[in-house]
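Engineer:
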Amino acid sequence: MTMSYNTLSFDKESWWVFTLPAVLGSSSSSSISTTYFLLSLFITSVLSLLLTWAFTRAGPAWKHNRTHLGRVPIPGLHGLPILGSLLTLTGKVPHVALACMANAFKAKQLMAFSIGNTPAVVTSDTIIVKEILSSSSFADRPLKRSARELMFGLAIGFAPNGVYWRMLRGISASHLFAPRRIAAHEPSRQEDCRSMLMRIGNEMNLSGSVKLRSHLQATALSNIMGSVFGKRKFNASSNSHGCWELAQHPPARSIRPRR
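Residue numbers (the working numbering): 849 to 1107.
The structure is reproduced here in structure tokens:
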């Protein structure tokens, strides 16, 4: 009896020793089931992503056959499953890369591609460009931060369709782009072009290579100042560095216009 009592007391005091394997087994089985569930969820997500990417013509942003909404489907570039064609546009000349891809896919008129989850199209046809720019869908495009900070949200190119935009359009049509005004500024534009060609020739003779960007920027700025203000006070040969430095660091608080 003594041995039996001692054995019984030992069993009562150490009952957790016998339940520990069951507890550990249940926790391990639950962790295994959770792991299997997460793994199956991951595999299902990857498979659905790959299937969506495989059956779309222009990447992940053109799901649900969005390229087939018109009478003729838009040819497109698959790109990567999540990024689309984003890595193609990270180079120095993304427009050249897009032109090469459109030429390779024989889609120079219109080609669809994806920038992440954002659908985009590119065209090299002037007729299609005119149709896109003159459509109502292009009138209310989003105002970017660069346009808001550099142009104070007042530029005609980024103004929303409304009273303000129609007023700017009327001013531009009657003053800046009137046929008589354009014809009157023709000699000044020719002089700007001659001056630019002379600067390009001088730089080519001195260094053997030419950086066209600075020359084109200076000529465009001179043309804009002559068209808007009527006088060309910009000397590209002597004041270009100071002018561009001032343009990069403007006193925003003192020149910010008010509506």
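Think of the CB as a built atom: it goes at the ideal place given N, C-alpha and C, for glycine as much as any other residue.
V969 and L958: beta carbons closer than 8 Å?
Structural biologist: Their beta carbons are under 8 Å apart, which means V969 touches L958 by this criterion.
Engineer: If you scan the segment 930–993 from start to end, which runs of the beta strand (DSSP E) of 3 or more residues do you find wholly inside it?
Structural biologist: Counting whole runs of 3 or more residues, the segment 930–993 contains the beta strand (DSSP E) stretches 959–963, 966–970.
Engineer: Bridge partners for G928 per DSSP, in chain order?
Structural biologist: Correcting the residue type first, residue 928 is Leu in the shown sequence and not Gly. L928 is bridged to G932.
Engineer: Less than 7 Å between C-beta atoms, sequence neighbours within five positions excluded: which residues of the same chain meet that for A1021?
Structural biologist: Here the set comprises nothing.
Engineer: Could you give the distance in angstroms between the alpha-carbon of S982 and the alpha-carbon of L895?
Structural biologist: About 41 Å.
Engineer: Which stretch, first to last residue, makes up the alpha helix (DSSP H) that contains A1031?
Structural biologist: 1027–1032 is the extent of the alpha helix (DSSP H) around A1031.
Engineer: Is the segment 1044–1059 in contact with the segment 995–1012, if contact means three or more CB pairs nearer than 8 Å?
Structural biologist: Contact between the segment 1044–1059 and the segment 995–1012 is absent, because fewer than three Cβ pairs lie under 8 Å.
Engineer: Of the choices M1015, G1018, K992, R1014, whose alpha-carbon is the least far from that of F1006?
Structural biologist: Closest option to F1006, Cα to Cα, is K992.
Engineer: Once the 5 residues before and after V1058 are set aside, which same chain residues still bring their CB inside 8 Å of it?
Structural biologist: I1048, E1051, M1052, listed in sequence order.
Engineer: What span of residues does the alpha helix (DSSP H) with Y1069 cover, start to end?
Structural biologist: Sequence check: residue 1069 is Leu here, not Tyr. First-last of the alpha helix (DSSP H) with L1069: 1060–1077.
Engineer: Using beta-carbon positions only, say whether S962 and W910 come within less than 8 Å of one another.
Structural biologist: In contact: S962 and W910 (Cβ atoms closer than 8 Å).
Engineer: Alpha carbon to alpha carbon, what distance is there between L925 and K956?
Structural biologist: Near 12 Å, if we compare the C-alpha coordinates of L925 and K956.
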